[in-house]
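Sequential numbering of the sequence shown, starting at 1, is according to UniProt numbering. Even for Gly, the Cβ is constructed at its ideal location relative to N, Cα and C.
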Amino acid sequence: MPKPRMLYLARHDVAAVGGDSCQLYVDALQSALIAHAEGRTVQPLKPYLRVGKGHIADRIIAMPAHVGDPGVSGLKWIGSKHDNPLSGRERASALIVLNDPATNYPVAVMEGSLISAWRTAAVTCLAARHLAPVGFTDVALIGCGVIGRTQVTALLQRFPNVHTVHAYDVRQEAARELARRLGQRVRVRVTDSAEDAVRSGDVVVPCTVTDEPYISLSWLKPGTFLCNVSIMDVHKDVFLGADKVVVDDWDQCNREKKIINQLVEEGSFSRQRLHAELGEVLAGTRPGRETDDEIILLNPMGMAVEDIACAAEVYERARSRGVGTWLDLY
Numbered sequence: 001m002p003k004p005r006m007l008y009l010a011r012h013d014v015a016a017v018g019g020d021s022c023q024l025y026v027d028a029l030q031s032a033l034i035a036h037a038e039g040r041t042v043q044p045l046k047p048y049l050r051v052g053k054g055h056i057a058d059r060i061i062a063m064p065a066h067v068g069d070p071g072v073s074g075l076k077w078i079g080s081k082h083d084n085p086l087s088g089r090e091r092a093s094a095l096i097v098l099n100d101p102a103t104n105y106p107v108a109v110m111e112g113s114l115i116s117a118w119r120t121a122a123v124t125c126l127a128a129r130h131l132a133p134v135g136f137t138d139v140a141l142i143g144c145g146v147i148g149r150t151q152v153t154a155l156l157q158r159f160p161n162v163h164t165v166h167a168y169d170v171r172q173e174a175a176r177e178l179a180r181r182l183g184q185r186v187r188v189r190v191t192d193s194a195e196d197a198v199r200s201g202d203v204v205v206p207c208t209v210t211d212e213p214y215i216s217l218s219w220l221k222p223g224t225f226l227c228n229v230s231i232m233d234v235h236k237d238v239f240l241g242a243d244k245v246v247v248d249d250w251d252q253c254n255r256e257k258k259i260i261n262q263l264v265e266e267g268s269f270s271r272q273r274l275h276a277e278l279g280e281v282l283a284g285t286r287p288g289r290e291t292d293d294e295i296i297l298l299n300p301m302g303m304a305v306e307d308i309a310c311a312a313e314v315y316e317r318a319r320s321r322g323v324g325t326w327l328d329l330y
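Right, here's the structure in full:
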């Protein structure tokens, strides 16, 4: 019998096979999200490991899933501390482990935070194709850290009509740094408030670590697509007043005292009131945007199916190109 071994991919290895741009992720996610909406994936609810009563972003999450037939199984293990940037670290760190379902042996382990950031951005891009105003030109970004920068970069790669990014961060230097990075590609207007940025956006993308909602329905102009990446930024009136609310997965969203979960427990929102899961929109079984003035809210909790589908594509590319380091299991 061959000696069991697995392929280790550092972040630079992931980047070397296309893991630092949008195309790989859009291709992998399109089929994975449709498969999930059709019930052709396995995805247990992800547990949150928290120690003490810290910030909402202080946790480690285990995210297991199986994608494809026979496909691949895997787990993303992602940790986060809201104050990591104060010591020069990125807020989140992650590993992804892939297993061969024929034996359930591990076949790969890779740095996962690059994949996590780009798959999150690719979900926004896929959703924007169906839910955003046609030909949108203005993006509002709240929070200009790693996730926010990746979101804007991906949108610029996929939507050439974008000409202005309205950027706000509680650390204005982070917004100014975004402007310096992107100034050759797009106009970046650094705003003095989140409200100013949001009111200016056709597409609004909050990427913060807040635990208190601040975006109200009154801030959103007709036709806005709001991709609620960081989940806790949006007041309840947006969920109740938006023309369409879309999620990636209803069961994942309706838990952990997030805003949808609070509304369900109060009796003011339900699965029946939800417009669709994103995979249904991508598959064409539920409509996306139907009028120019619809306000549409996407609430993407983030799914293991997404991470494992993207990591599987990274693994296959790395194997075929001789990228990475093989490690003996025993």
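Roughly how many angstroms separate the alpha carbons of Gln157 and Cys22, rounded to a whole number? 7 Å
Taking 7 Å as the limit between beta carbons, can you name the residues of its chain near Val17, skipping five residues before and five after? If we look at Val17 and ignore the five residues flanking it on each side, its Cβ neighbours are Val314, Arg317, Ala318, Arg321, Val323.
8 Å contact criterion, which Leu98 and Ala312 should meet: CB distance rounded: 6 Å
Let me know if Met63 comes out buried or exposed under the rule of 16 or more other beta-carbons within 10 Å of its beta-carbon. buried
With a CB to CB cut of under 6 Å and the five nearest residues on each side skipped, what residues in its chain are close to Tyr25? Trp118, Arg119, Ala122, Cys310
In the DSSP assignment, what residue or residues form a beta bridge with Gly79? Ile60, Ser93
Hey, out of Val305, Met303, Leu282, Gly302, whose CA is closest to Ala128's CA? Leu282
Can you tell me where the beta strand (DSSP E) holding Lys244 begins and where it ends? In the DSSP annotation of this structure, the continuous segment of the beta strand (DSSP E) that includes Lys244 starts and ends at 244 to 247.
Which complete alpha helix (DSSP H) runs does the region 178 to 212 hold, if anything under 4 residues is left out? 194 to 200
Can you look up Glu265 in the DSSP assignment and give me helix, strand or coil? helix
State buried or exposed for Met6, treating a residue as buried only when at least 16 other CB atoms are found within 10 Å of its CB. It is buried - the Cβ of Met6 has at least 16 other Cβ atoms within 10 Å.
Rounded to whole angstroms, what is the Cα-Cα separation between Pro85 and Ile60? 17 Å
Take Val264 and list the residues in its own chain whose beta-carbon comes closer than 8 Å to its own, dropping the five residues that flank it on each side. Asn254, Ser270
Please classify Tyr48 as buried or exposed, where buried requires at least 16 neighbouring CB atoms within 10 angstroms. exposed
Specify the secondary structure class of Cys227 as computed by DSSP and reduced to three states. strand
Are the beta-carbon atoms of Glu294 and Asp243 separated by less than 8 Å? The answer is yes: Cβ separation under 8 Å.
With distances taken between CB atoms, is the gap from Asp138 to Ser200 smaller than 8 Å? A contact, by the Cβ cut-off of 8 Å.
Check the C-beta distance from Gly112 over to Ile78 and give it rounded, since I have them as a contact under 8 Å. 6 Å
Since Val198 contacts Ala140 with CB under 8 Å, what's their CB separation in whole angstroms? Contact holds; Cβ gap of about 5 Å.
Tell me which residues share the same chain as Thr325 and place their Cβ nearer than 6 Å to its Cβ, disregarding the 5 neighbours each side in the sequence. Tyr8
Would DSSP call Pro106 helix, strand or coil? strand
How would you label Glu306, buried or exposed, when you count the other beta carbons within 10 angstroms and need 16 or more for buried? buried
Would you mind listing the alpha helix (DSSP H) stretches within the region 138 to 171 that are 4+ residues and don't spill past its ends, in chain order? 146 to 158
Beta-carbon proximity list for Gly143, same chain, < 7 Å, skipping 5 on both sides: Asp169, Pro206, Cys207, Thr208, Ser230
Where does His55 sit, in a helix, a strand or coil, going by DSSP? coil
Using a 10 Å radius around the Cβ and a threshold of 16 neighbouring Cβ atoms, would you call Lys3 buried or exposed? So Lys3 ends up on the exposed side.
Local Cβ density within 10 Å of Lys81, reported as buried at 16 or more and exposed below that: Its Cβ being crowded by 16 or more others within 10 Å, Lys81 is buried.
I need the straight-line Cα distance from Asp292 to Pro222, nearest angstrom please. 8 Å
Cutting at 6 Å between CB atoms, please list the residues of its own chain near His130, excluding the five before and the five after it. Val281, Gly288
For Met110, does the count of other Cβ atoms within 10 angstroms reach 16, so buried, or fall short, so exposed? Flag for Met110 reads buried.
Figure out for me which residue from Gln30, Met301, Ser216 has the closest Cα to the Cα of Lys257. Met301
Kindly give me the distance between the Cβ atoms of Val203 and Phe225, rounded to whole angstroms, as I take these residues to be in contact under 8 Å. 5 Å
If we count the other Cβ atoms within 10 Å of its Cβ and call it buried at 16 or more, is Ala102 buried or exposed? exposed
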